[in-house]
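Trainee:
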Amino acid sequence: MRYVLALDQGTTSSRAILFDERGAPVAMAQREFLQIYPDLGWVEHDPKEIFRTQRDVAREVVQKAKVSLNDVMAVGIANQR
37 MRYVLALDQG TTSSRAILFD ERGAPVAMAQ REFLQIYPDL GWVEHDPKEI
87 FRTQRDVARE VVQKAKVSLN DVMAVGIANQ R
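Mapping of the sequence shown onto our numbering: residues 37 to 117, in sequence order.
(1) Taking a contact to mean a Cβ-Cβ separation below 9 angstroms, would you say Gln-71 touches Ala-114 in this structure?
(2) Check the DSSP bridge columns for Glu-66 and list the partner residues they point to.
(3) With distances taken from CA atoms, which of Ala-63, Leu-41, Tyr-39, Arg-67 is nearest Thr-89?
(4) Give the DSSP-derived three-state secondary structure of Glu-85 in the structure shown.
(5) Going by CA-CA distance only, name the one from Leu-76, Leu-54, Val-79, Ser-50 that's closest to Leu-105.
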């Protein structure tokens, strides 16, 4: 079976969902990351932490589903709209 990996980079967390070829969700993972407030009304994020959490949730869903990376045929990315 083939799969699609969806990566969603939100304002407060990184998420990943693995879908099968019929579009059904197979596995899901989410990790929050630090919000940095350098000034009133401002918010920043550490790009290394964003990368690390996104990488980790992607790995987690593939491991949860017990599929090979060779079976992931596509990756979709959404980033804070």
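Built from N, CA and C at the ideal position, the CB exists for glycine as well. Just so we're clear, the structure is a prediction, and the values are computed from it rather than from any experiment.
Mentor: Inspection of the coordinates gives the following:
(1) Your numbering for residue 71 matches position 35 in the sequence shown. Your numbering for residue 114 matches position 78 in the sequence shown. Taking 9 angstroms as the Cβ cut-off, Gln-71 and Ala-114 do not qualify as a contacting pair.
(2) Counted from its first residue, the sequence shown places residue 66 at position 30. Per the sequence presented here, residue 66 reads as Gln, with Glu not at that position. Arg-51, per the DSSP bridge assignment.
(3) Within the sequence shown, residue 89 is the residue found at index 53, counting from 1. Ranking the options by Cα distance to Thr-89, first place goes to Arg-67.
(4) Reading the sequence shown from its first residue, position 49 is the one you call residue 85. It is helical.
(5) For the purposes of this step, residue 105 is identified with residue 69 of the sequence shown, where counting begins at 1. Residue Leu-54 is the option with its Cα nearest to Leu-105.
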